[in-house]
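Right, one structure below, let's go through it.
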Amino acid sequence: MVAPSFASLQAASARRTGSCRNTTPTTTIDAARQRSLHPPRVLMPFPDRVAWFDNDRLCIRFSFSMSLKDQVKAIPGTRWSPHEKCWWVPATEADRVVPSLRELHFTIEDDPLPGGEAEPLRDGREPDRRSAQAVPAPNGQPALRVSELNRTAHQALSGVFPAPLWLIAEIDNLRARSGNYWFSLVERDAAGQITAAVPAVIFARQRTAIDAALQANGLLLEDELTVCMRCRVTLYEPRGTFQVIVDGVDPRHSLGDLARRKEEVLEQLRTEHLDRRALDRLEPLLPLRVALLTSREGDARADVLRTLEDSGYPFVVDAFDIRVQGPRLRATACAALDAVASTPDAWDVCLITRGGGSRSELGAWNDIQIARRIARLPVKTLVAIGHELDRCALDEIAWSERTPTAAAQALVARVAAQEQRLHDATKVLVHLAPLRLERAGTALATRAHRFERGVSRALDIERQRARTVWPERLRRGATSLLLHQQKRLQQRAHDIIARRTRARLAREHHTILDLDRRLARGFQHRILRGRTELSHLERRLLRTPPARLRHAAELLDSASARVRLAEPERLLARGLAVVRDADGHAIRSRSALVEGLPVRVEVADGGIAARLTEVELVDHNRQPTPSPSLDTRNKDPK
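Position one of the sequence shown corresponds to residue 972 (the working numbering), numbered consecutively onward.
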């Protein structure tokens, strides 16, 4: 049978919605047990607030809300599980906790029954059958209730898919709850985007058989595993949930898909000429600096470190924590390989390893991004993903070992082989060294004797040449050197003078240009300022009234009169005189008068040239004494 795709499955369901069954099977549950734990079930308006029983626990999950979190946390007995990301209480405390959860609008769930069978209410009563009765709508036509709509859709699906079918898809968002597997079967396009999806469930009674069938072929049910599953298409009426119920699996398809993915990666590397690059890279002589890419919590890391440490060799290991399975494998492995590639001189070998696992976990390493980075890594790469039976694409393109311990032992063996080579070379050297030294000593003595004779003959020849040839050569060489140096000095002096002259002329030219610009700007500024002041004065004069002008004229006349009274000629006319020294400076202090000093006395009608013959100092408050004698032999004609 050819397995249908999701698109064809959903299209067939849409075309045949009219095909339905006339009966709805029902199944009863132990009402006494349900009634002991739960009151009658009520539909809640908050579908994101759910509580369910998981073995001996009541698990609680809801969309994040700080106020709701505080309310749930305040319920006595609630605990937070960081691994499962949910709150939980022991099942023995459910009678006390459930009423509080219902007050917070939580829905208390059990496992959905297979085949879309109706679920009885918590108190054992049958569901309300009023939904089957047609209720008239406002336009006179019958209207459906939700339960009738879900039942009709369920019957339509049962008519379209009356028998189980095989479905090829990829597992996504796998989770275990109450002994069941809940996941989605998805279909992806070439870019890896999900184009179709359907909810799926494997109930506990089929889970054991399906796990056993997969494990017999080295597979595990996990995300990103492509599977071919036998399913029954159904609709769970109480919730109106469309889903498929899985009751079988064909492991051969998953194995074929893993092999196909591996071959696709290898073919892509061959197309890019990268399939032999890592294998052809030379192995390091002493791989003592190891970049270890593995999980921090895995046993592989401990096995490698223990093996390297027990060897006694000075291995230096830098561990990079990566995810060796799951959705983060590619991102963490690529980031670690990029870090190693950024500093290739820091390591001798890159070891990628993990512990044992299923074939499906091994298939996650058939990744083209990881393979490309390993092929282009400038460091020799050793791959040991810990699988004894199968090989992934990385085993084909790089130095490969089966297990982490075997990989560490290979590094130890490589170092041990180099140590043995060094030991053997040392033994040979110790054995051959005396013979080689003796032969070398004899040869050295012979060569020394020959060298001595050759040196003696060469010295005799050079002495003879020194007496005859070298003096003339030295004279000619010295003369030529002096002439050459003289020409060089003259040329350098000429170049220096010319360069400095040009630089000085350029500086002076720039200085003149700068002064010219500054003078032009200064004159323009002065002219502009003068014009502005003149314009301002004109405006002031035009605004000044005649009275102010007359007053200003009077003030000006008064000031002119005072200036005229202070003129030196008027002071001299009033009988005052000015005494100056020989340099023409006015004598203002009597301390400057000394005998024999030539002076010139200026009076109103001229000047008198004289010389002091006697000096008598008189205070201003005393009667003046006769003036000193003046020698007036040289009179100023003025």
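We put the beta carbon where it would ideally sit given N, CA and C, even for glycine. This structure is a prediction, so every number in the text was calculated from the model and none was measured.
Checklist entry - Whose CA, out of Ile1293, Leu1276 and Asp1292, lies closest to the CA of Pro1285? => result As a first step, residue 1285 must be located in the sequence shown, where it is residue number 314. Relative to Pro1285, the option among Ile1293, Leu1276 and Asp1292 whose CA is nearest is Leu1276.
Next on the checklist: Can you find the residues in the same chain that come closer than 7 angstroms, C-beta to C-beta, to Thr1303, ignoring five residues on each side of it along the sequence?
Outcome noted: As a working mapping, residue 1303 is identified with position 332 in the sequence shown. Same-chain partners within the cutoff: Ile1293 and Arg1294.
Next on the checklist: Extract the residue ranges of the alpha helix (DSSP H) inside the segment 1504-1548, only unbroken runs of 4 or more that lie entirely within it.
Outcome noted: Taking 4 residues as the shortest admissible run, the segment 1504-1548 contains the following complete alpha helix (DSSP H) segments, listed from N- to C-terminal end: 1517-1536 and 1539-1544.
Next on the checklist: With a threshold of 8 angstroms between beta carbons, is Gly1578 in contact with chain C?
Outcome noted: Included in the structure is just one protein chain, with no chain C present.
Next on the checklist: Measuring only the C-alpha atoms, how far is Glu1390 from Asp1309?
Outcome noted: Counted from its first residue, the sequence shown places residue 1390 at position 419. Counted from its first residue, the sequence shown places residue 1309 at position 338. Looking at the backbone, the Cα of Glu1390 and that of Asp1309 are separated by about 32 angstroms.
Item to check | Contact between the segment 1536-1544 and the segment 1552-1570 (3+ Cβ pairs under 8 angstroms) | outcome: Counting Cβ pairs under 8 angstroms, fewer than three are found: no touch.
Checklist entry - If you compare alpha carbons, which of Lys1398, Leu1263, Ala1437 and Ala1369 is closest to Leu1237? => result The residue given as residue 1237 occupies position 266 in the sequence shown. Of the candidates Lys1398, Leu1263, Ala1437 and Ala1369, the residue whose Cα lies closest to the Cα of Leu1237 is Ala1369.
Checklist entry - Of the choices Gln1239, Glu1372, Ile1432 and Asp1143, whose alpha-carbon is the least far from that of Gly1297? => result Indexing the sequence shown from 1 puts residue 1297 at position 326. The shortest C-alpha separation from Gly1297 is found at Asp1143.
Checklist entry - So, do the segment 1363-1381 and the segment 1247-1256 have three or more beta carbon pairs nearer to each other than 8 angstroms? => result Between the segment 1363-1381 and the segment 1247-1256, the count of C-beta pairs closer than 8 angstroms reaches three or more; the two stretches touch.
Checklist entry - Can you list, in chain order, the residues of its chain whose CB lies under 8 angstroms from that of Gly1048, leaving out five sequence neighbours each side? => result Numbered from its first residue, the sequence shown carries residue 1048 at position 77. Excluding residues within five positions, the ones whose Cβ falls inside 8 angstroms are Val1060, Pro1061, Glu1064, Arg1067 and Val1068.
Item to check | Asn1296 in three-state terms, based on DSSP | outcome: In the sequence shown, residue 1296 corresponds to position 325, counting from 1. Residue identity differs from the one stated: residue 1296 is Gln in this sequence, not Asn. DSSP, read as helix, strand or coil, puts Gln1296 in coil.
Checklist entry - Over what stretch of residues does the beta strand (DSSP E) that includes Ser1155 continue unbroken? => result Sequence index remark: in the sequence shown, residue 1155 carries index 184 (1-based). Element bounds for Ser1155: Asn1151 to Arg1159.
Next on the checklist: Counting C-beta neighbours from all protein chains within 10 Å, is the total for Arg1004 16 or more, i.e. buried, or is it exposed?
Outcome noted: Translated into the one-based positions of the sequence shown, residue 1004 becomes position 33. For Arg1004, the pLDDT reaches just 34, beneath the cut-off of 50, and the residue's location in the model is therefore unreliable, leaving the point undetermined.
Checklist entry - Can you name the start and end residues of the alpha helix (DSSP H) that Asn1617 belongs to? => result Since the displayed the chain opens at 972 and closes at 1609, residue 1617 lies outside it and no answer follows.
Checklist entry - Alpha carbon to alpha carbon, what distance is there between Asp1466 and Arg1478? => result For the purposes of this step, residue 1478 is taken as the residue at position 507 of the sequence shown. For the purposes of this step, residue 1466 is taken as the residue at position 495 of the sequence shown. Their backbone Cα atoms lie some 18 angstroms apart in a straight line.
Checklist entry - Taking the continuous beta strand (DSSP E) assigned at Val1574, which residues delimit it? => result By one-based count along the sequence shown, residue 1574 stands at place 603. Taken as a continuous stretch (DSSP letters only), the beta strand (DSSP E) holding Val1574 covers Pro1569 to Val1574.
Checklist entry - When the Cα atoms are used, what is the spatial distance from Asp1590 to Leu1543? => result In the sequence shown, residue 1590 corresponds to position 619, counting from 1. In the sequence shown, residue 1543 corresponds to position 572, counting from 1. Distance between the alpha carbons of Asp1590 and Leu1543 is about 23 angstroms.
Item to check | DSSP state of Ala1553 mapped onto helix, strand, coil | outcome: Here residue 1553 corresponds to residue number 582 of the sequence shown, with the count starting at 1. In the structure shown, Ala1553 sits in coil (DSSP, three-state: anything other than H, G, I, E or B).
Item to check | Proximity winner among Ala1168, Val1131 and Phe1174, relative to Ser1149 (alpha-carbon distances) | outcome: Counting from one through the sequence shown, the residue named residue 1149 turns up at place 178. Measuring from the Cα of Ser1149, the nearest candidate turns out to be Phe1174.
Checklist entry - Is it buried or exposed for Ile1432, if we count other Cβ within 10 angstroms and need 16 for buried? => result Here residue 1432 is taken as the residue at index 461 of the sequence shown, counted from 1. When all chains shown are included, Ile1432 counts as exposed.
Checklist entry - Under three-state DSSP, which class holds Asp1590? => result What you label residue 1590 is simply residue 619 of the sequence shown in a count that begins at 1. Judged by DSSP in its simplified three-state form, Asp1590 adopts coil rather than helix or strand.
Item to check | Same chain, Cβ closer than 8 angstroms to Leu1120, neighbours up to 5 away in sequence not counted | outcome: Counted from its first residue, the sequence shown places residue 1120 at position 149. For Leu1120, where only same-chain residues beyond five positions count, the Cβ hits under 8 angstroms are Gly1211.
Item to check | Among Leu1353, Leu1547 and Pro1569, the one whose alpha carbon lies nearest that of Ala1553 | outcome: Taking the first residue of the sequence shown as position 1, residue 1553 is located at position 582. The shortest C-alpha separation from Ala1553 is found at Pro1569.
Item to check | Residue range of the unbroken beta strand (DSSP E) whose run includes Leu1353 | outcome: Locating residue 1353 in the sequence shown gives position 382, where the first residue counts as 1. Looking at the DSSP string, the run of the beta strand (DSSP E) that includes Leu1353 is Lys1351 to Ala1355.
Checklist entry - Is the segment 1131-1145 touching the segment 1189-1206 in the sense that three or more CB pairs, one from each, lie closer than 8 angstroms? => result Contact holds: three or more Cβ-Cβ distances are below 8 angstroms.
Item to check | Three-state secondary structure (DSSP) of Trp1441 | outcome: Here residue 1441 refers to the residue found at position 470 when the sequence shown is read from its first residue. When secondary structure is reduced to three states using DSSP, Trp1441 falls in the helix class.
Checklist entry - Should the segment 1315-1323 be regarded as contacting the segment 1254-1274, the criterion being three or more beta carbon pairs within less than 8 angstroms? => result The segment 1315-1323 is in contact with the segment 1254-1274.
Item to check | Residue ranges of each alpha helix (DSSP H) within the segment 1258-1342, 4 or longer | outcome: Fully contained in the segment 1258-1342 are the following alpha helix (DSSP H) runs of length 4 or more, in chain order: 1270-1281, 1300-1313 and 1330-1334.
Checklist entry - Taking the alpha carbon of Leu1279 as the point to measure from, which residue in Asp1270, Val1261 and Gly1269 has its own alpha carbon closest? => result Reading the sequence shown from its first residue, position 308 is the one you call residue 1279. For Leu1279, the nearest C-alpha among the options comes from Val1261.
Checklist entry - What is the rounded straight-line gap between the Cα of Val1311 and the Cα of Leu1348? => result Taking the first residue of the sequence shown as 1, we reach residue 1311 at position 340. Taking the first residue of the sequence shown as 1, we reach residue 1348 at position 377. Looking at the two C-alpha atoms, the distance is approximately 8 angstroms.
Checklist entry - Within 10 angstroms of its Cβ, does Glu1509 collect 16 or more other Cβ (buried), or is it exposed? => result As a position in the sequence shown, residue 1509 is number 538, starting the count at 1. With fewer than 16 other Cβ atoms within 10 Å, it is exposed.
Next on the checklist: Taking DSSP's pairing of strands, which residues face Ser1052 in a bridge?
Outcome noted: In the sequence shown, counting from the first residue as 1, residue 1052 sits at position 81. Looking at the DSSP output, Ser1052 sits in a beta bridge with Cys1057.
Checklist entry - When the distance is taken between beta carbons, is Leu1039 closer than 8 angstroms to Leu1075? => result The residue labelled residue 1075 in the question sits at position 104 within the sequence shown. The residue labelled residue 1039 in the question sits at position 68 within the sequence shown. By the CB criterion at 8 angstroms, Leu1075 and Leu1039 fall inside the cutoff.
Checklist entry - Roughly how many angstroms separate the alpha carbons of Val1288 and Glu1409, rounded to a whole number? => result Along the sequence shown, read from residue 1 onward, the residue named residue 1288 stands at position 317. Along the sequence shown, read from residue 1 onward, the residue named residue 1409 stands at position 438. One Cα belongs to Val1288, the other to Glu1409, and the distance between them is close to 46 angstroms.
Item to check | Unbroken alpha helix (DSSP H) run spanning Arg1067, endpoints | outcome: Here residue 1067 refers to the residue found at position 96 of the sequence shown. That run of the alpha helix (DSSP H) goes Ala1065 to Glu1074.
Next on the checklist: Is the beta carbon of Asp1221 closer than 8 angstroms to that of Leu1145?
Outcome noted: To locate residue 1145, count along the sequence shown from 1; it is residue 174. To locate residue 1221, count along the sequence shown from 1; it is residue 250. Note that the C-beta distance between Leu1145 and Asp1221 is not below 8 angstroms.
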